[in-house]
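**Q**
Protein chains in written order, with the numbering used here: chain W, 176 to 840; chain Y, 5 to 181.
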């Protein structure tokens with residue numbers, strides 16, 4: 176019964192979405208209030224319907240209703256409750272349902288929070304959201320129905336891939352989708368602007384918070400995914416340049432670029448066309464990311480089961496959405512009026528450089544990800560483009576980007592003074608050279624890239640702090656007045672500093688863990704001790720333990736520094752029964768200075784076990800830094816200006832000057 | 005209408021056409037190779053540290069059919085086919101030689117320690133020169149080498165069980181007769 180209700184409300188949602196995609200557009204073209212207002216109600220109904228469908232599927236999973244094919248394929252009655260629930264979106268059909276639900280949620284958010292938006296803009300934005308919804312709901316209903324029944328129902332399900340039974344992964348897709356779908360809102364705003372033929376600073380003020388939110392969620396989603404890979408795959412790697420990872424990384428890069436270019440539109444009314452293009456591209460990359468791995472076009476370790484019928488639908492959908500929006504851009508963008516002028520050396524110039532580097536990086540990653548398809552098409556070869564390519568192309572773009580990141584915030588709008596800025600950054604330059612010199616003096620054999628990474632870390636960290644302290648006039652007057660300035664400084668300014676510091680911390684984590692990692696790989700017998708990275712690891716033996724739906728060999732390690740009490744680590748090698756599969760559960764002791772990482776493997780038959788022990792200095796900072804970046808985004812999002820942006824637009828509307836070039840933010 | 009604004013849509017159209025082609029026209033792993041039935045090119049390589057003697061052209065002419073597997077520690081697809089090679093080694097079905105492609109010695113050795121070593125011999129092609137001589141497009145690729153050291157066929161992409169039965173097994177059986 177529950178499946179039929181779910182199916183029914185999904186069809187209802189599709190019909191609503193079709194209406195939502197059509198009527199408000201007509202309404203906006205003919206200035207018909209009722210038709211435009213209809214968008215709000217449609218968004219609300221669509222949200223309710225998809226929520227209903229999602230609840231139905233969740234009930235199916237929680238009650239282990241194996242008459243639903245999707246539940247049979249992806250769940251098992253013995254699975255812990257958390258993974259029964261996360262199993263709802265841990266598969267192709269369910270994850271699409273989650274996608275559509277978040278899309279409807281954001282549609283509703285625009286309808287509710289967008290009270291101050293002009294009717295026509297809001298109607299068009301919601302209509303575009305509706306059309307995207309139509310595509311997704313049709314895809315679900317016609318090719319990937321989560322509510323399909325199976326008769327006769329089997330006694331038990333075939334289980335969820337054990338690799339995916341993990342708390343990190345339970346929450347990774349929802350965050351990623353919040354990011355992907357958040358970009359759909361900026362996309363809808365971009366399309367609405369193209370239809371209206373008008374972009375003004377108030378538009379940018381609307382787009383920026385949505386981009387910020389999407390960017391923040393993407394940051395968390397990607398960080399969770401790489402954290403999962405780090406501790407679950409059992410070899411301590413955290414980024415593999417896999418197509419699916421790239422699929423999430425490309426929209427993140429594009430969103431980062433969009434975040435910065437939207438500032439220029441808002442403050443200086445320039446870069447409008449570029450910002451619109453970025454908004455379209457960012458969402459297009461999200462769609463590509465969602466679909467590439469499901470279409471059968473690309474093979475990947477993450478790939479969902481692919482099915483040719485889906486491939487056709489996906490391609491048509493992508494052509495319609497991406498091709499259609501880019502065509503609209505090609506036709507309408509030339510009519511947009513350009514805005515304020517600026518010198519190359521200026522805040523705008525720095526942001527343009529940021530955009531150039533970020534979009535080039537995105538393009539090279541896109542090229543590397545699609546290259547196998549192209550090669551396949553032209554020569555028939557199937558290959559995997561590996562990290563050597565991505566490292567060789569990404570790093571040369573990332574390095575100047577980070578250098579410019581410290582400089583940009585110092586530059587004035589319109590025309591900046593580079594020499595003056597560099598003199599104000601002398602301290603940062605000095606400190607980074609000191610750090611690099613010290614490291615090199617300690618260990619002359621340090622690879623050049625490690626020195627560059629550490630230098631960049633110090634440069635960006637100190638540079639960001641300098642810029643912030645200059646703004647609040649720290650130590651240049653009474654502390655009290657600095658405190659007052661701190662409170663007066665817009666939160667978006669604090670947010671920028673925090674986010675940039677986050678990037679610096681990520682650089683520290685990556686560089687230090689790559690440079691100073693030490694490890695021990697080999698067979699150990701109970702009682703043996705090895706020393707790795709200044710810690711003594713004593714192996715106390717292994718035993719077999721039973722989990723709820725697996726059996727595991729659990730090793731016991733005692734890690735201690737000389738004389739210290741030490742910590743116990745319990746790595747496991749799990750053998751799941753449904754589906755039969757082995758997973759490695761690394762035992763990790765995360766610390767700020769380093770992670771202790773232990774893995775237990777096969778027994779050699781004579782009491783010894785193959786073990787892997789790593790000492791990874793500063794690696795936690797990769798994830799701490801990502802979280803700090805997210806915090807920066809959140810801080811910026813809480814800026815009063817963004818919340819109050821809309822009423823200002825309403826006032827300007829009354830002034831009846833649609834083109835507000837040169838308006839100060 | 006200014007044409008430069010159409011560049012994005014034109015780019016996308018190109019991508020879409022190729023994706024369309026990839027989806028409907030292409031059929032995965034088949035490839036005509038100009039190397040078939042030719043002797044393997046001449047080469048001589050150092051082994052992955054700790055993993056057996058090095059690998060040279062002469063080592064491939066062994067009097068029986070062998071496999072030459074091109075692998076790298078950075079290659080995700082290699083992990084997918086690796087268990088199959090381990091199984092082949094355990095059952096002593098066929099000798100496999102490993103050509104480590106554009107890797108670093110440390111990373112390759114670690115990778116073999118982690119995932120097991122199915123190879124009789126390994127050779128490190130650090131710069132990819134030997135790979136070019138063999139006509140390697142990417143990783144993984146698996147060459148089937150005849151008893152007198154000629155290339156019989158090659159499989160592009162990860163080897164699956166089915167693929168082994170369909171494309172490698174016939175050569176092994178044929179060699180016995």
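Glycine residues also receive a C-beta, built at the ideal position from the N, C-alpha and C atoms.
Assign residue 241 of chain W to one of three DSSP states: helix, strand, or coil.
**A** Correct three-state label for residue 241 of chain W: coil.
**Q** Give me, in chain order, the residues of the same chain whose beta-carbon lies closer than 6 Å to that of residue 217 of chain W; leave out the 5 immediate sequence neighbours on both sides.
**A** Cβ neighbours of residue 217 of chain W beyond the five flanking positions: 191, 194, 195.
**Q** Just how far apart, CA to CA, sit residue 83 of chain Y and residue 131 of chain Y?
**A** Using only the alpha carbons, I get a separation of about 22 Å.
**Q** Kindly list, in the order they appear in chain W, the residues whose Cβ is closer than 8 Å to that of residue 126 of chain Y.
**A** The contacting residues do not exist; residue 126 of chain Y stays about 17 Å from chain W at best.
**Q** Between residue 23 of chain Y and chain W, is there a C-beta pair that is closer than 8 Å?
**A** With 8 Å as the cut-off, residue 23 of chain Y counts as an interface residue toward chain W.
**Q** Please give me, in chain order, every unbroken run of the beta strand (DSSP E) with length at least 3 that falls completely inside the stretch 63-150 of chain Y.
**A** Counting only runs of 3 or more, we get 70-75, 100-105, 125-129, 145-149.
**Q** In this structure, how does DSSP classify residue 714 of chain W when only helix, strand and coil are distinguished?
**A** Strand, per DSSP.
**Q** By the three-class DSSP mapping on this structure, what secondary structure does residue 765 of chain W have?
**A** Residue 765 of chain W: strand per DSSP, three-state reduction.
**Q** Please tell me whether, using a cut-off of 7 Å, the distance from the CB of residue 751 of chain W to the nearest non-hydrogen atom of the ligand SAH is below it.
**A** The ligand SAH is not among the ligands present in this structure, which contains no ligands whatsoever.
**Q** At the 8 Å Cβ level, is residue 6 of chain Y part of the contact set with chain W, yes or no?
**A** Closer than 8 Å: yes.
**Q** Could you work out which residues of chain W lie near residue 20 of chain Y, taking near to mean beta carbons separated by less than 9 Å?
**A** Those are 490, 493, 494, 497, 498, listed as they occur along chain W.
**Q** Please list, in chain order, the residues of the stretch 684-696 of chain W that have any C-beta partner in chain Y closer than 9 Å.
**A** Here the close residues are 694, 696.
**Q** Quick one: residues in its chain with C-beta nearer than 8 Å to the C-beta of residue 383 of chain W, no 5 flanking neighbours on either side, listed in chain order?
**A** Closer than 8 Å at Cβ, skipping near neighbours: 434, 437, 438, 441, 817.
**Q** For the alpha helix (DSSP H) holding residue 729 of chain W, just list the boundary residues, first then last.
**A** Per DSSP, residue 729 of chain W belongs to no alpha helix (DSSP H); it is in the beta strand (DSSP E), 725-735.
**Q** For a test of the three-state rule: what should DSSP assign to residue 476 of chain W, helix, strand or coil?
**A** Note that residue 476 of chain W scores 37 on pLDDT, short of 50, meaning its location in the model is unreliable and no value can be drawn from it.
**Q** Please report whether the beta-carbon of residue 165 of chain Y lies at a distance below 8 Å from any beta-carbon of chain W.
**A** Not one chain W Cβ lies under 8 Å of residue 165 of chain Y.
**Q** Do we get a CB-CB distance below 8 Å when we pair residue 509 of chain W with the residues of chain Y?
**A** Taking Cβ atoms only, chain Y reaches closer than 8 Å to residue 509 of chain W, which makes this a yes.
**Q** I need the boundaries of the alpha helix (DSSP H) containing residue 747 of chain W, first residue and last residue.
**A** No alpha helix (DSSP H) holds residue 747 of chain W; the beta strand (DSSP E) holding it covers 747-751.
**Q** Please look up how many angstroms separate the CB atoms of residue 522 of chain W and residue 583 of chain W, rounded, as I've assumed it's under 8 Å.
**A** At roughly 7 Å, the Cβ-Cβ gap stays under 8 Å, so residue 522 of chain W and residue 583 of chain W are in contact.
**Q** For the alpha helix (DSSP H) containing residue 251 of chain W, name the first residue and the last one.
**A** Where residue 251 of chain W is concerned, there is no enclosing alpha helix (DSSP H), given that its DSSP letter is neither H nor E.
**Q** Looking at the C-beta of residue 112 of chain Y, does it have a partner C-beta in chain W at a distance below 8 Å?
**A** It does not: the Cβ of residue 112 of chain Y has no partner Cβ on chain W nearer than 8 Å.
**Q** Quick one: using the 10 Å Cβ neighbour count with 16 as the cut-off for buried, is residue 495 of chain W buried or exposed?
**A** Residue 495 of chain W comes out exposed.
**Q** The stretch 787-800 of chain W: which residues have C-beta closer than 8 Å to a C-beta of chain Y, in chain order?
**A** Flagged, chain order: 787.
**Q** Sorted by chain position, which residues of the same chain lie with C-beta nearer than 7 Å to residue 269 of chain W's C-beta, five sequence neighbours on each side aside?
**A** Closer than 7 Å at Cβ, skipping near neighbours: 232, 245, 263, 321.
**Q** Beta-carbon separation of residue 791 of chain W and residue 688 of chain W under 8 Å?
**A** Taking 8 Å as the Cβ cut-off, residue 791 of chain W and residue 688 of chain W qualify as a contacting pair.
**Q** Taking C-beta pairs closer than 9 Å, name the residues in chain W that residue 117 of chain Y reaches, listed in chain order.
**A** The answer, in chain order, is 696, 697, 785, 787.
**Q** Between which two residues does the alpha helix (DSSP H) containing residue 599 of chain W stretch?
**A** That run of the alpha helix (DSSP H) goes 593-599.
**Q** Short check: CB of residue 43 of chain Y to CB of residue 178 of chain Y, under 8 Å?
**A** No. Outside cutoff.
**Q** Give a yes or no on whether 8 Å exceeds the smallest Cβ distance from residue 548 of chain W to chain Y.
**A** Closer than 8 Å: yes.
**Q** Residues of chain Y with CB closer than 7 Å to the CB of residue 563 of chain W, please, in chain order.
**A** By Cβ distance, chain Y contributes 78, 106.
**Q** Residues bridged to residue 785 of chain W by DSSP?
**A** The partner list for residue 785 of chain W (beta bridge, DSSP) reads W:698.
**Q** At the 8 Å Cβ level, is residue 17 of chain Y part of the contact set with chain W, yes or no?
**A** Cβ-Cβ to chain W under 8 Å: yes for residue 17 of chain Y.
**Q** Out of W:201, W:661, W:415, W:518, which has the shortest C-alpha to C-alpha gap to residue 300 of chain W?
**A** Here the closest residue by C-alpha is W:201.
**Q** Should residue 737 of chain W go down as buried or exposed, given a rule of 16 or more other Cβ atoms within 10 Å for buried?
**A** That one is exposed.
**Q** Per the DSSP calculation, residue 721 of chain W is bridged to which residue(s)?
**A** Note: residue 721 of chain W sits in a beta bridge opposite W:726.
**Q** Is the beta carbon of residue 540 of chain W sitting closer than 8 Å to the one on residue 415 of chain W?
**A** Cβ distance not < 8 Å, so residue 540 of chain W and residue 415 of chain W don't count as in contact.
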